[in-house]
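When we follow our numbering, the leftmost residue of the sequence shown carries the number 37, and every step to the right adds one.
Ideal placement from N, C-alpha and C gives every residue a C-beta, glycine not left out.
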Amino acid sequence: MSESNQIYKWVVLLLMCLTMIAFNSSQISIAPNVGLILKDIPMNNTQVGFAMSAATLCGIVFAYFISLLANKFNRKTLVLIALLLIGAGVALTGTATDFWTIVIGRIIAGLGSTTLIIVTPLFVTGYFDEKNMGMAMSLFTAAQPLGMIFGLNVFGRVGAAVGWRNTMFMIACLEIAVFLLCLLFLRLPKANAEVSAASHSLKGTPKSINMWLLAAIYAVFTLSVSAYVNFGPTYFGMNGTPPAQIGLFASLIMIIPLVLSPFFGAALDKGLKNYKRPILIFGAVLMAASYCAIGFHFMNTFFIWATLLGLGFTVVAPICYSAMPEMVSEKNLSIGMGLLIISFDVGGSFGAILFGTVLDASHGVFSVAFSVVSVMLLALIPLILILKLRENSLNKSEQRSLSS
């Protein structure tokens, strides 16, 4: 790879990170402004929940079909269309005068969001070889919580200052700004057809069982995070935690991966990539123990366990996203990424539902609900042990040497 291409791949990574920040900003746009929206558009709690999850539900329904489109159409065009859909959906939400207009806007934005989170990882895997894949994927996955943290901390204040409708229009402008950057500076990776065909013949058919195992593992991890983020603040408040600390404890599970992911990615590239299985088990055990400790208020502290939760979750997304290219050929990579997106959306959509159901069944005993989440994480260990994590038969560095 020439020096200019070496530099440009980091430009591509920056663009993909910006799309993730823009995407997550749109996803979280309603939550900080619920109170303001309810003053204009009366809704019950069920409707509010449906409005917030409508975009995520699109991922469950359409991710597989969009992953097929990613193999047939120009991926830059798909990214641009996705950003326009998100902007249009958010803008429509800003003009809403009734519940169903909000839902339609969220569905339109959800279609764009689902397309983005399937196609953007393919640009990362297309430009980075395995020498830098750990670092690249760690930075890429860190951009997702960054967008959420940005939205949670900024949009509520902006909404209070200028109104929730103007906030939606500002988010739509953010999507258009990222659209223009991608239009001007994003290029498709140059693929060598002969080398691509050779790599497909060497690797054979996709390991579908492995794909589903990895997706199931990722779904349970994200399910636990969804349960914690949605019910953790209530639990902390019940235990006398000051309001200023409640938000901190709930967001550490996103803040810590944001800080540590680049370092973990560098470590993956330097040699830890051969230890993905034990690291993933470590993450599951650490998170399970932390959930139990939080549920039983062990040592009368939440800060330590919330920090350890973030540490455990730091390893999950980079390993899952970097492992998928090892399991499938480049031809089927979009399908593999689509499965990861479906698992992410399933976990995010049903984590809070499961936790709430257990709470109702246990008459509001949080220690029982947190224990159930811990058991689910520990149950991942056998799945991780049988998961086949192997290197590509022909990695990208070797492909490029063959083509030169």
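Grab the span of the alpha helix (DSSP H) containing residue i for me, first residue to last.
i	result
Thr203	Trp200 to Phe221
Leu116	Arg111 to Gly130
Tyr311	Tyr311 -> no alpha helix (DSSP H), and no H or E assigned at all.
Leu224	Neither: Leu224 is in no alpha helix (DSSP H) and is coded neither H nor E.
Val155	Phe135 to Tyr163
Phe385	Looking at the sequence provided, one finds Ser at residue 385 rather than Phe. Here the alpha helix (DSSP H) through Ser385 covers Leu369 to Ala397.
Ser29	The requested residue 29 does not occur in the structure, where the chain is confined to residues 37 to 440.
Using beta-carbon positions only, say whether residue i and residue j come within less than 8 Å of one another.
i	j	result
Leu147	Leu219	no
Ser297	Pro354	yes
Leu128	Ile140	yes
Pro361	Met290	no
Ser65	Phe191	yes
Leu257	Val411	Looking at the sequence provided, one finds Phe at residue 257 rather than Leu. Taking 8 Å as the Cβ cut-off, Phe257 and Val411 do not qualify as a contacting pair.
Ser358	Met169	yes
Ala388	Phe267	yes
Ser260	Val394	no
Phe221	Val70	no
Ile77	Ile138	yes
Gly162	Ser262	no
Gly195	Leu322	no
So, helix, strand or coil for residue i, using DSSP?
i	result
Leu175	helix
Pro78	coil
Glu230	Interpretation of Glu230 is limited by its pLDDT of 37, a score under 50 that renders its predicted location unreliable; the figure taken from the coordinates is listed afterwards. Reduced to three states, the DSSP call for Glu230 is helix.
Cys53	helix
Tyr100	helix
Asn275	coil
Tyr44	helix
Ala415	coil
Ala106	coil
Thr20	Here the chain has residues from 37 to 440 only, and residue 20 is not among them.
Lys239	With a pLDDT of 42 at Lys239, under the threshold of 50, the modelled position of this residue cannot be trusted; read the value that follows with caution. Correct three-state label for Lys239: helix.
Leu423	coil
Val84	helix
Phe332	coil
Ile66	coil
Val401	coil
Asn60	helix
Glu366	helix
Asn168	coil
Can you list, in chain order, the residues of its chain whose CB lies under 6 Å from that of residue i, leaving out five sequence neighbours each side?
i	result
Asp381	Thr92, Gly95 and Ile96
Gly125	Gly141, Ile144 and Ala145
Ala208	Gly123, Val126 and Ala127
Ala229	For Ala229, the predicted model reports a pLDDT of 36, less than 50, meaning its position is unreliable; a value from the coordinates is still stated below. For Ala229, where only same-chain residues beyond five positions count, there are no Cβ hits under 6 Å.
Glu211	Ala58, Leu119, Ile122 and Gly123
Ala405	Phe391, Val394 and Leu395
For residue i, which residues in the same chain have their Cβ closer than 8 Å to its Cβ, ignoring the five residues on either side in sequence?
i	result
Leu249	Leu419, Ile422 and Leu423
Ile154	Ala99, Ile102, Ser103, Ala106, Ser370, Met373, Gly374 and Ile377
Ala320	Phe257, Gly348, Leu413, Leu414, Leu416, Ile417 and Ile420
Under 8 Å by Cβ, that's how I've got residue i and residue j pegged, so tell me the actual separation to the nearest angstrom.
i	j	result
Phe402	Phe339	Wrong, their Cβ atoms sit about 17 Å apart, outside the cutoff.
Thr156	Thr55	6 Å
Ile57	Phe186	7 Å
Thr350	Pro293	4 Å
Give every residue of the same chain whose Cβ lies closer than 7 Å to the Cβ of residue i, excluding the five residues on either side of it in the sequence, and list them in chain order.
i	result
Phe164	Lys45 and Ala172
Met184	Asn60, Ile64 and Met290
Leu49	Val160, Ala172, Leu175 and Phe176
Gly85	none
Ile317	Ile417 and Ile420
Met52	Thr156, Phe159, Val160 and Phe176
Contact criterion: CB-CB distance below 8 Å. Does residue i meet it with respect to chain D?
i	result
Asp396	No chain D is part of this structure, which consists of one protein chain only.
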